[in-house]
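*Asks:* Number 280 in the UniProt record's numbering belongs to position 280 of the sequence shown; there are no gaps in the numbering. Using N, Cα and C, we set each Cβ at its ideal position, and we do this for glycine too.
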Amino acid sequence: MERIYFDHSATTPVDREVAKVMLEYMTEKFGNPSSVHSFGRETRKAVEEARSSVAALLGAAANEIFFTSGGTESDNLALKGIAFANRKKGNHIITTAVEHHAILHACEYLEKQGFTVTYLPVDENAMVSVEDVKNAITDKTILISVMFANNEVGTIQPIKEIGQLAKEKKIYFHTDAVQAVGNCHIDVNELNIDVLSLSGHKIYGPKGIGAIYIRKGVKIESTQHGGSQERKLRPGTENVPGIVGLGKAAELAKIELDQRISHLTNLRDKLINGIQEKISDIKLNGHKEIRLPGNVNISFFYVEGESLLLNLDLKGIAASSGSACTSGSLDPSHVLLAMGLTHEVAHGSLRLSLGRGNTEADVNYCLEVLPQILERLRSMSPLNANSKLAANNPCSQCDHH
């Protein structure tokens, strides 16, 4: 049986070169970077080289990069750190209704601390309006946080325009770029980004490591306290193997970026076009063109996403019905609902996120088995008026069901 991984938005396999350099810093070069002896100096040098590699991927300065445990910690540090450091200036934050829960839940926490949060709506493509951002700004606004690209439907937001607006209004602009780093060209200066979150395991690096870019001069407060590591902003003994792995992954991402974008865009379009040609009663979710190169999110009418996932898995295809962080929830995606989809259509969504190791043969295999699975599921679905089950149970079509 084929075994195909189409869930790269959830996590990516660690690159062999990344794993190789990490192993070296787990075994032979194990010193604490804070130690002054040669073992410590050796790992300190590796940490700073990794910092430079991450900075180069973003067009930033090395001293603007701080290592964290991942995207969630970076998001929390960005929002809470800026909010608490600037509360004398104002208490208003602007974000969107389709952010990752690391942002939304951090905002909910800040609301309990006396901050006011505006959650902007999005259009049917999950795109936020720059005009809406502009209209939401008050004299109390201290931070705008808009994700670079949506983790579920892949829509890329108008980051440069929002960043320019924030710059003109002298408001800090943060973007959760966990899905975009390694998949999009990012220059923090060109895009007017003040703070940016990223994660290692989305770019063929290890889990448990991430980074936050903070433009020099941004007023931010540490959310945890301890030693003087990461210039006291993120204390705690550095995860050297993770940092070195992230640095190597960032280095490879910068070298391979154009090739990755081209490869993934071709596969994405082939998969979307194939599904649209072979299967009826579907809806492509997210912007058709302005989307992540490897993201395919489609709602299939009259079926449930979980059933699709299980049947695809039996055929060797790993996919997702949305964010891996909420896969245990029975609630439909907050992103799809914010885009205006009904609960029924949202429940039938499937996310196929492609990676650099995927091939045309993988896409062809998916296009071969997916229509067969859908035909079988729809024939049994009470949601489908033409199904056998619905025909034998007329009440299944009434409003009470």
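#1: Tell me the residue span of the beta strand (DSSP E) that contains His37.
#2: Just the C-alpha distance for Ser299 and Leu77, rounded to the nearest angstrom, thanks.
#3: What does the alpha-carbon distance come out to for the pair Tyr302 and Val369?
#4: How is the alpha helix (DSSP H) around Asp269 delimited, first residue to last?
#5: Span of the beta strand (DSSP E) holding Ile282?
#6: Given this structure, state the Cα-to-Cα distance separating Thr326 from His37, to the nearest angstrom.
#7: Of the choices Gly71, Ile144, Ala10, whose alpha-carbon is the least far from that of His92?
#8: In three-state DSSP terms, what is Ala83?
#9: Specify whether the segment 153-165 and the segment 108-127 touch according to this definition: at least 3 beta carbon pairs, one from each stretch, less than 8 Å apart.
#10: Could you give the DSSP three-state label for Thr95: helix, strand or coil?
#11: Would you call Ser323 buried or exposed, if buried means 16 or more other Cβ atoms sit within 10 Å of its Cβ?
#12: Would you say the segment 333-352 touches the segment 242-252, given that touching needs at least three Cβ pairs under 8 Å?
#13: For Pro293, is the classification buried or exposed, using 16 other Cβ atoms within 10 angstroms of its Cβ as the cut-off for buried?
#14: Alpha carbon to alpha carbon, how far is Tyr365 from Ile4?
#15: Of the choices Ala60, Ala56, Pro33, whose alpha-carbon is the least far from that of Val47?
#16: I need the boundaries of the beta strand (DSSP E) containing Ser145, first residue and last residue.
#17: One question on the structure: do Leu341 and Asn285 come within less than 9 Å of each other, judged by their Cβ atoms?
#18: Work out the CA separation of Val181 and Glu2 for me, nearest whole Å.
#19: Determine the direct distance from the alpha carbon of Arg378 to that of Leu309, and round the result to whole angstroms.
#20: Counting only the same chain and skipping the five closest in sequence on each side, list residues whose C-beta sits under 8 Å from that of Lys167.
#21: If you run the structure through DSSP and keep just helix, strand and coil, what is His105?
#22: How would you write the range of the alpha helix (DSSP H) that Asn135 sits in, first residue to last?
#23: Below 8 Å, can you find three or more Cβ-Cβ pairs linking the segment 95-103 to the segment 223-236?
#24: State yes or no: is the C-beta of Ile103 within less than 9 Å of the C-beta of Leu79?
#25: In the DSSP output, what is Ala46 paired with across the bridge?
#26: Taking the alpha-carbon of Arg44 as reference, which of Ile243, Lys288, Leu271 has the nearest alpha-carbon?
#27: So if DSSP puts Asn297 in a beta bridge, which residue, or which two residues, is it bridged to?
#28: With Tyr119 as the anchor, note down where its beta strand (DSSP E) starts and where it stops.
#29: According to DSSP, is Thr326 part of a helix, a strand, or is it coil?
#30: Buried or exposed for Ile255, going by 16 or more other Cβ atoms inside 10 Å?
#31: For a test of the three-state rule: what should DSSP assign to Thr68, helix, strand or coil?
#32: Compute the Euclidean distance between the alpha carbons of Thr118 and Ser197, then round it to the nearest angstrom.
#33: Across the segment 204-213 and the segment 14-25, are there enough close Cβ pairs to call them in contact, namely three or more that are closer than 8 Å?
*Replies:* Taking the coordinates as given:
#1: Counting from one through the sequence shown, the residue named residue 37 turns up at place 37. No beta strand (DSSP E) holds His37; DSSP gives it neither H nor E.
#2: One-based indexing of the sequence shown puts residue 299 at position 299. One-based indexing of the sequence shown puts residue 77 at position 77. In this structure, the straight-line span from the alpha carbon of Ser299 to that of Leu77 is close to 34 Å.
#3: Position 302 of the sequence shown holds residue 302. Position 369 of the sequence shown holds residue 369. Roughly 18 Å between the two C-alpha positions.
#4: For the purposes of this step, residue 269 is identified with residue 269 of the sequence shown, where counting begins at 1. That run of the alpha helix (DSSP H) goes 240-278.
#5: Within the sequence shown, residue 282 is the residue found at index 282, counting from 1. Per DSSP, Ile282 belongs to the beta strand (DSSP E) from 282-284.
#6: Numbered from 1 along the sequence shown, position 326 holds the residue referred to as residue 326. Numbered from 1 along the sequence shown, position 37 holds the residue referred to as residue 37. Only weak support exists for where Thr326 lies, its pLDDT of 47 falling under 50; the coordinates are left without a value.
#7: Taking the sequence shown and counting its residues from 1, one reaches residue 92 at position 92. The shortest Cα separation from His92 among Gly71, Ile144, Ala10 belongs to Ile144.
#8: Within the sequence shown, numbered from 1, the residue matching residue 83 stands at position 83. The answer is helix: DSSP assigns Ala83 an H, G or I state.
#9: With the rule of 3 Cβ pairs closer than 8 Å, the segment 153-165 counts as touching the segment 108-127.
#10: The residue labelled residue 95 in the question sits at position 95 within the sequence shown. When DSSP states are grouped into helix, strand and coil, Thr95 belongs to the strand group.
#11: As a first step, residue 323 is located in the sequence shown; it is residue number 323 there, counting from the start. Reliability fails at Ser323, whose pLDDT of 45 lies under 50, so the model's placement of it is uncertain and no value is given.
#12: No, the segment 333-352 is not in contact with the segment 242-252.
#13: Here residue 293 is taken as the residue at index 293 of the sequence shown, counted from 1. Burial call: buried.
#14: Stepping through the sequence shown from its first residue, residue 365 is reached at position 365. Stepping through the sequence shown from its first residue, residue 4 is reached at position 4. Spanning the two alpha carbons is a distance of roughly 9 Å.
#15: As a first step, residue 47 is located in the sequence shown; it is residue number 47 there, counting from the start. With distances taken between CA atoms, Val47 lies nearest to Pro33 out of Ala60, Ala56, Pro33.
#16: Here residue 145 is taken as the residue at index 145 of the sequence shown, counted from 1. Where Ser145 is concerned, the enclosing beta strand (DSSP E) stretches over 141-145.
#17: Indexing the sequence shown from 1 puts residue 341 at position 341. Indexing the sequence shown from 1 puts residue 285 at position 285. The criterion of a C-beta distance shorter than 9 Å is satisfied by Leu341 and Asn285.
#18: Locating residue 2 in the sequence shown gives position 2, where the first residue counts as 1. Locating residue 181 in the sequence shown gives position 181, where the first residue counts as 1. For Glu2 and Val181, the distance between alpha carbons rounds to 29 Å.
#19: The residue labelled residue 309 in the question sits at position 309 within the sequence shown. The residue labelled residue 378 in the question sits at position 378 within the sequence shown. Each residue's CA atom was taken as its position, placing Leu309 and Arg378 some 14 Å apart.
#20: For the purposes of this step, residue 167 is identified with residue 167 of the sequence shown, where counting begins at 1. The residues are Phe173, Asn192.
#21: Taking the sequence shown and counting its residues from 1, the one referred to as residue 105 is at position 105. The three-state secondary structure of His105, taken from DSSP, is helix.
#22: Locating residue 135 in the sequence shown gives position 135, counting from the first residue. Counting along the chain, the alpha helix (DSSP H) containing Asn135 begins and ends at 130-136.
#23: In the pairwise beta carbon analysis, the segment 95-103 is classified as not touching the segment 223-236: fewer than three pairs are separated by under 8 Å.
#24: The residue labelled residue 103 in the question sits at position 103 within the sequence shown. The residue labelled residue 79 in the question sits at position 79 within the sequence shown. Yes, these two residues count as a Cβ contact at 9 Å.
#25: Locating residue 46 in the sequence shown gives position 46, where the first residue counts as 1. Per DSSP, Ala46 has no beta bridge partner at all.
#26: The count along the sequence shown starts at 1 and reaches residue 44 at position 44. Looking at the Cα atoms, Ile243 is the closest of the given residues.
#27: For the purposes of this step, residue 297 is identified with residue 297 of the sequence shown, where counting begins at 1. Answer is Arg351, bridged to Asn297.
#28: In the sequence shown, the residue the question calls residue 119 occupies position 119. Where Tyr119 is concerned, the enclosing beta strand (DSSP E) stretches over 116-120.
#29: The residue given as residue 326 occupies position 326 in the sequence shown. Residue placement at Thr326 is poorly supported in this model, since its pLDDT is 47, which falls under 50; the coordinates still yield a value, given next. Here Thr326 sits in helix by DSSP.
#30: Your numbering for residue 255 matches position 255 in the sequence shown. Under this definition Ile255 is an exposed residue.
#31: Here residue 68 refers to the residue found at position 68 when the sequence shown is read from its first residue. In the three-state reduction of the DSSP assignment, Thr68 falls in the strand class, which pools E and B.
#32: Counted from its first residue, the sequence shown places residue 118 at position 118. Counted from its first residue, the sequence shown places residue 197 at position 197. Near 20 Å, if we compare the C-alpha coordinates of Ser197 and Thr118.
#33: Short answer: they touch.
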